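Numbering (my numbering), first residue to last: 149 to 461.
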């Protein structure tokens, strides 16, 4: 039964970076610059993949899908965070909090799924090169990407529904800079331990499941690469996986710090969340662009066409 002195809340107050009042302006400038660079990187990848026919291959279709997903992922968190860094009142309606959590969890799950699909694509390309064009068609790419989105948002719907099926009681202070599921579920009027355990278990299972599938793909990939006789052939095969593998390590490494963090840990959840909400989306397009010759060539071609067009004007 609800205690008499508890009040059902209709909005939350996001404490987040208010714990660091002297650093808020600096944090705003840093995060704003990183966000602009993240948007620029992802939009560049999507644009180049769209206009350059040489990039109309499964690998770049998946990369473009990942860039779009990460653009939406940052959009669900960072603009609100930036506004709160400059605002005195950092409140959000319970409904708005639920919507933000739904999209954040759904897009996070979609990112994991697309990274897994990219690993599967590299597995087929390296382990079954002759059958690869028949196995990985453009139609199948579209179906796999759609499945990744559907799966990510289906799991997110379950988690969000579990958390928001109950009322929330005062105090309405969310100890985070966005509606993180653990921070919100602890404000439930009823005992939240079971709900927190279930949603955490779902998230950890999804995180570990997709990561293990990627690792399995790379076990077969590495086994195949080691059988290539020439050192040049080995280097060429591995170079097609290097960017993806780097992003996977960063993405799952930062996410595991959050979801596998011991309950008794006193580390600040706000600071721990910065790497996987701000830094990872910034590094991802940077790594895929700088370490990819095809992407660089496409960029040079597009810039060349723009310069020629301007000369004719």
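Beta carbons: idealized from backbone N, C-alpha and C, even for Gly.
Everything numeric in this text was worked out from a predicted model, so none of it was measured.
Own chain partners of residue i with C-beta closer than 8 Å, once the 5 adjacent residues on each side are dropped
i: residue 346; result: 310
i: residue 211; result: 193, 197, 266, 436
i: residue 399; result: 259, 260, 263, 424, 428, 432
Nearest-angstrom Cα separation, counted from residue j out to residue i
i: residue 252; j: residue 185; result: 20 Å
i: residue 169; j: residue 237; result: 13 Å
i: residue 284; j: residue 197; result: 17 Å
i: residue 340; j: residue 316; result: 10 Å
i: residue 267; j: residue 255; result: 18 Å
i: residue 449; j: residue 393; result: 27 Å
i: residue 199; j: residue 209; result: 12 Å
i: residue 229; j: residue 380; result: 47 Å
i: residue 289; j: residue 206; result: 6 Å
Cutoff 6 Å; reference residue i; Cβ partners in own chain excluding five residues on either side
i: residue 459; result: none
i: residue 160; result: 240, 245, 320, 322
i: residue 243; result: none
i: residue 338; result: 314
Proximity to residue i [Cα-Cα], best of the options
i: residue 269; options: 165, 193, 362; result: 362
i: residue 431; options: 295, 166, 215; result: 215
i: residue 249; options: 278, 211, 326, 181; result: 326
i: residue 446; options: 204, 178, 172; result: 204
i: residue 353; options: 436, 300, 164; result: 300
i: residue 388; options: 366, 181, 296; result: 366
i: residue 295; options: 163, 264, 282, 307; result: 264
i: residue 433; options: 190, 163, 276; result: 190
i: residue 428; options: 171, 218, 163; result: 218
i: residue 302; options: 257, 182, 164; result: 257
Distance between beta carbons of residue j and residue i, contact taken as under 8 Å
i: residue 261; j: residue 358; result: 6 Å
i: residue 424; j: residue 403; result: 5 Å
i: residue 343; j: residue 336; result: 7 Å
i: residue 274; j: residue 173; result: 48 Å between Cβ atoms; not a contact.
In DSSP terms, what residue i is bridged to
i: residue 159; result: 241
i: residue 321; result: 161
i: residue 336; result: 316
Contact set for residue i: own chain, Cβ-Cβ below 7 Å, skip 5 residues either direction
i: residue 414; result: Because the pLDDT of residue 414 is 47, which lies under 50, any placement of that residue in the model is unreliable, and the question is left without a value.
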